[in-house]
Every structure is written in structure tokens, then in C-alpha cells.
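Visitor: Below you'll find the structure I mean.
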Amino acid sequence: MEIITIIALVILVCVVLYIYKEFLNDPIKRRRTLFEIKMLWMGTKGNYEDAIMRKYNFVSLYKQPNKIVVLTGGNKGIGLGILRKLLECEMTVVLAVRNPKDARESVEKNIEPELRKDRVFYEVCDTSDLDAVKKFAKIVKEKFPAINLLINNAGILSAPYNVTKEGFISQMAINYLGHFMLTHLLVPQLKAGAELIGVKSRVINVASNVHEVGIINYKDFHCKKYYRASMAYANSKLATIMGTYQQEKLFREQNLPIHAYAPHPGVVDTDIFQKSLVNHIPGWKYFLFKSVEEGARTIIYAAIEPTLEAHGGVYLTNCLIHAPVNDMAHNDEECKKLFEYTCNMLNIKDFGKDDSSQ
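For the sequence shown, our numbering begins at 60 and goes up steadily by one.
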């Protein structure tokens, strides 16, 4: 652990010098940078935990050729790692991607033909666009009336302030709201998939340890008054975990054969950090980031591990159940409040049941 301590100290010195040079006399920039430091601390903390828990970050793959998976953002980054492992399990995978042509090229470039075996399907879906999500769900219903896994993986971290046509901030729209809508629309197919093979279906909402510094501010839900990309990302991941808990509660209350999970993949070297401050710190990515393959493990663990059948609605990291750090994620009333707020925002009258949002 000595090398990790040394690297952490080097990072701290770099950050202090960076602040002193750039933001000493600018309160607004200083506030933003202080939050970025919190994010860096979360990354360092996560890297340390990943290092000491590495021996637990393991998932046993087994053949499941009768399962059909819907995966968002499966053509790059962690998504490619997830896709590879699903195909190693001989599952059929429907990729929800913005550009099917580019996605196909990426998959064919990175995954061998003998592994794909005509078991990958490409459909248009942009989780920042609710109309696109609804169209995609309709296509899935027509082509695959029964599915077994929904892996909500697509995500964005750093980007200039941008709102969707519905008025949603991009991080919240892509990481949380679009997936919330997709889950709502595909509940009947998930139920049918479970009944078809006699095994509960699963919804996997990819989370992050940065939820610890996230907040749910209903007065400025879309960060119109104050915006920092990393803060918007943290907020969206907190919402993801809270939404997962409430989905699981709803599935149980309605006796639906579906579980929901929120796995944290770890700090993985993907293009999601392309515009983040971490790229300006020497050695950070090289020494501390997980590989894509390592990052995919906990997500796949949440998707296929048999022992989780009795533990729905949990947050996982390094293939272990772990309690989320943020107090809001433990508060039943807060989770219910966010769930109802989200349903109202998306015009969902009865989650998983009605067609009013279509």
C-alpha cells in the first residue's frame, strides 16, 4: 500500500498547486474546484478500496444461452467489457446505441466473430431523448417480447452545460431519467422473461461511489443556478441508487419476478473521464484506474450471480454487497419522494404498468 500512499500525496500536492495558481482569487472557480477535489478524493478512496478488495473482484461465468439482454451503451468503454462477458455466457444481446453503424464497427473490431455468433443486435436509442427511448422500447417489445436482463449502463460524466429538449440536464437525462423510463417501459417484457425460464429477471442500474457527494436538490434539480459537470454526475448516480431501491421495493410489493441492483464498477480508465480534471494529474490513470475488464466484473456479477437471488435492491462494489455511503440512499421517505418526483416529471402514472408515457 506504500506506493498508493505516495501517489495520493503527489496528487494532493499537484491539486494544491493547481488551486493556488488558478483559483486563489476567484470564489466561484474555487468552489467548483473544491468539489472537483472531493471527486478526486472519492477516486483515490475508490482506488484504495479496489486495491485492498481486489481478491474479491471476481465473477464466475456460466453458459446461459436462453437469456436475452438489453444493454445500453455497450459499444465502448465498460460497455464493451460487459458485452464480451455476456457473450461468453452465450446470451443474446440487444445493444441500445446512438449510432448502430458505428456501434457495429466497434463491436466487430473488439470482439471476435466466434464469440459474437450473430447474437448481437443493434438498435437506435439515445437515453437523453425520451422519444428515442420510447421508440426503442417499442422495437424491443415487437422483436423480443420476453427479456431477462436490462443493463442500464450508458453514461456521461464531463460535458459543457447542456439540457435536452425536455429541459433535463444531460447527466441526469442520460444517466438516470432515460434509464428510468426504459425500465418502466420494459417491465412487462422482464416479467415475461422470468416466467418463460423460471428465473427472476434483473434490472442493473450502473452506479458509482461518487454518489457519496451527490445531492438531490429539488429547487435546482437540473443545475440551472449552479453547474459543475462532476457534481451533476454525482447527483445522477445518487438518483440512480435511490431509484434502484424504490424499484426493488415496488417489484416486491407487486410480487413481480424482477430484482433491481446498483453496482459500482470502480474507477475505470474509459473516455467518460476524457474532459475531467484527472487527465491533468500525472500518473493518475496509469497507476490507479481499473481496466475495462475489471470494471465489468461487478456489473456482470450483479447480472448473473445466483446467490444474489435473495438480495435484490442492493448496492455492490468489487463483487460484494456494500451499503451506500450517502444518507439519502438509506432514507425510505427520500427514495419514495424522488421516485414520485421522477414519475411526475416523466408523466408516468403507474410505473411498469401503464402506457400513458408512450
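In this text, a Cβ means the ideal position worked out from N, Cα and C, and glycines have one as well. Predicted model only: the values in this text are computed from it and were never measured.
Pick out whichever of C402, Y277 and M150 has its Cα sitting closest to the Cα of L236.
Guide: As a position in the sequence shown, residue 236 is number 177, starting the count at 1. Closest by alpha carbon: C402.
Visitor: Return the chain-ordered list of same chain residues with a C-beta closer than 7 Å to the C-beta of G214, the five sequence neighbours on each side being excluded.
Guide: The residue labelled residue 214 in the question sits at position 155 within the sequence shown. Excluding residues within five positions, the ones whose Cβ falls inside 7 Å are G132, I233, N234, V265 and I331.
Visitor: Tell me, please, which residues DSSP counts as bridged to F180.
Guide: Residue mapping note: residue 180 aligns to position 121 of the sequence shown, counting from 1. BP columns for F180 point to V153.
Visitor: Where F398 and Y304 are concerned, what is the direct C-alpha to C-alpha distance, given to the nearest angstrom?
Guide: Here residue 398 is taken as the residue at index 339 of the sequence shown, counted from 1. Here residue 304 is taken as the residue at index 245 of the sequence shown, counted from 1. It is roughly 10 Å from the alpha-carbon of F398 to the alpha-carbon of Y304.
Visitor: Does the distance from the CB of I300 to the CB of A388 come in under 9 Å?
Guide: Reading the sequence shown from its first residue, position 241 is the one you call residue 300. Reading the sequence shown from its first residue, position 329 is the one you call residue 388. Cβ atoms of I300 and A388: closer than 9 Å.
Visitor: Would you mind sorting T64 into buried or exposed? The rule is 16 or more other CB atoms within 10 Å of its CB.
Guide: Within the sequence shown, the letter at position 5 stands for residue 64. Answer is exposed; the Cβ neighbour count stays below 16.
Visitor: Apart from the five residues just before and just after A362, which ones in its own chain have a Cβ nearer than 7 Å to its Cβ?
Guide: Locating residue 362 in the sequence shown gives position 303, where the first residue counts as 1. Non-local beta-carbon contacts of A362 in its own chain, meaning distances under 7 Å to residues more than five positions away in sequence, involve L208, I210, R261 and I263 in chain order.
Visitor: So S289 and M231 are in contact, right, with Cβ under 8 Å, and what is the actual spacing, rounded?
Guide: Position 230 of the sequence shown holds residue 289. Position 172 of the sequence shown holds residue 231. Contact flag wrong, Cβ pair sits at about 13 Å.
Visitor: Can you give me the start and stop residues for the alpha helix (DSSP H) that I300 sits inside?
Guide: Here residue 300 refers to the residue found at position 241 of the sequence shown. Looking at the DSSP string, the run of the alpha helix (DSSP H) that includes I300 is A288 to E312.
Visitor: Any contact between the stretch 243-258 and the stretch 178-190? By contact I mean 3 or more CB pairs, one from each, below 8 Å.
Guide: no
Visitor: State the start and end residues of the unbroken alpha helix (DSSP H) segment that holds H418.
Guide: What the structure shows of the chain is the stretch from 60 to 417, and residue 418 is not part of that stretch, so it cannot be assessed.
Visitor: Do I137 and A355 have their CB atoms nearer than 9 Å?
Guide: Residue mapping note: residue 137 aligns to position 78 of the sequence shown, counting from 1. Residue mapping note: residue 355 aligns to position 296 of the sequence shown, counting from 1. When the beta-carbon positions are compared, I137 and A355 come within less than 9 Å of each other.
Visitor: For I380, collect the residues of the same chain with a Cβ closer than 7 Å to its Cβ; drop the 5 residues on either side in sequence, then sort them by chain order.
Guide: What you label residue 380 is simply residue 321 of the sequence shown in a count that begins at 1. Contacts found: H370 and V373.
Visitor: Report the three-state DSSP secondary structure of I263 (helix, strand or coil).
Guide: Numbered from 1 along the sequence shown, position 204 holds the residue referred to as residue 263. I263: strand per DSSP, three-state reduction.
Visitor: Which residue wins for smallest C-alpha separation from E353, given the options I62, C73, E164 and S119?
Guide: Position 294 of the sequence shown, counting from 1, holds the residue named residue 353. Closest by alpha carbon: S119.
Visitor: Report the three-state DSSP secondary structure of V128 (helix, strand or coil).
Guide: What you label residue 128 is simply residue 69 of the sequence shown in a count that begins at 1. If DSSP states are grouped into helix, strand and coil, V128 belongs with the strands.
Visitor: Distance, Cα to Cα, R163 vs K224?
Guide: As a first step, residue 163 must be located in the sequence shown, where it is residue number 104. As a first step, residue 224 must be located in the sequence shown, where it is residue number 165. Taking the straight line joining both Cα atoms gives about 27 Å.
Visitor: Does the distance from the C-beta atom of L297 to that of H270 stay below 9 Å?
Guide: Position 238 of the sequence shown, counting from 1, holds the residue named residue 297. Position 211 of the sequence shown, counting from 1, holds the residue named residue 270. Contact: yes.
Visitor: If I measure Cβ to Cβ from N116 and keep anything under 8 Å in the same chain, skipping five residues before and after, which residues do I get?
Guide: Within the sequence shown, residue 116 is the residue found at index 57, counting from 1. If we look at N116 and ignore the five residues flanking it on each side, its Cβ neighbours are D109, G325, E353, R356, T357, N377 and C378.
Visitor: With DSSP collapsed to three states, give me the class of V222.
Guide: The count along the sequence shown starts at 1 and reaches residue 222 at position 163. The answer is strand: DSSP assigns V222 an E or B state.
Visitor: Quick one: grab the DSSP three-state call for K349.
Guide: Translated into positions along the sequence shown, residue 349 becomes position 290. Strand, per DSSP.
Visitor: Tell me whether the beta-carbon of K176 lies closer than 9 Å to the beta-carbon of C148.
Guide: Here the question's residue 176 lines up with position 117 in the sequence shown. Here the question's residue 148 lines up with position 89 in the sequence shown. No, the pair does not count as a contact, with Cβ atoms beyond the cut-off.
Visitor: In chain order, which beta strand (DSSP E) runs of at least 3 residues are fully inside the stretch 183-252?
Guide: 208-211
Visitor: According to the neighbour-count rule (16 or more other Cβ atoms, all chains shown, within 10 Å of its Cβ), is I418 buried or exposed?
Guide: Residue 418 is absent from the model: the chain starts at 60 and stops at 417.
Visitor: Would you grab the beta carbon distance between A327 and L139 for me? Rounded to a whole angstrom, and I think it's under 8 Å.
Guide: Working through the sequence shown from its first residue, we reach residue 327 at position 268. Working through the sequence shown from its first residue, we reach residue 139 at position 80. One detail in the question is off: residue 327 reads as Val in this sequence, not Ala. Actually they are not in contact, since the Cβ atoms of V327 and L139 sit about 11 Å apart, beyond 8 Å.
Visitor: Relative to the C-alpha of N276, which candidate in A382, Y400 and I141 has its C-alpha closest?
Guide: Along the sequence shown, read from residue 1 onward, the residue named residue 276 stands at position 217. Nearest option by C-alpha distance: Y400.
Visitor: Under a Cβ-count criterion, where at least 16 other Cβ atoms within 10 Å of its own Cβ denotes burial, should I66 be classed as buried or exposed?
Guide: Here residue 66 corresponds to residue number 7 of the sequence shown, with the count starting at 1. Buried is the call here.
Visitor: Measuring straight from C-alpha to C-alpha, what distance separates S415 and A191?
Guide: By 1-based counting over the sequence shown, the position of residue 415 is 356. By 1-based counting over the sequence shown, the position of residue 191 is 132. With a pLDDT of only 47 at S415, under the threshold of 50, the placement of this residue in the model should not be trusted; the figure read from the coordinates follows. Distance between the alpha carbons of S415 and A191: 16 Å.
Visitor: Do you know how far the Cα of H238 is from the Cα of E312?
Guide: Locating residue 312 in the sequence shown gives position 253, where the first residue counts as 1. Locating residue 238 in the sequence shown gives position 179, where the first residue counts as 1. Looking at the two C-alpha atoms, the distance is approximately 21 Å.
Visitor: Do V129 and L309 count as a contact pair if the criterion is CB distance below 9 Å?
Guide: Residue 309 sits at position 250 when you count from the first residue of the sequence shown. Residue 129 sits at position 70 when you count from the first residue of the sequence shown. No, these two residues do not count as a Cβ contact at 9 Å.
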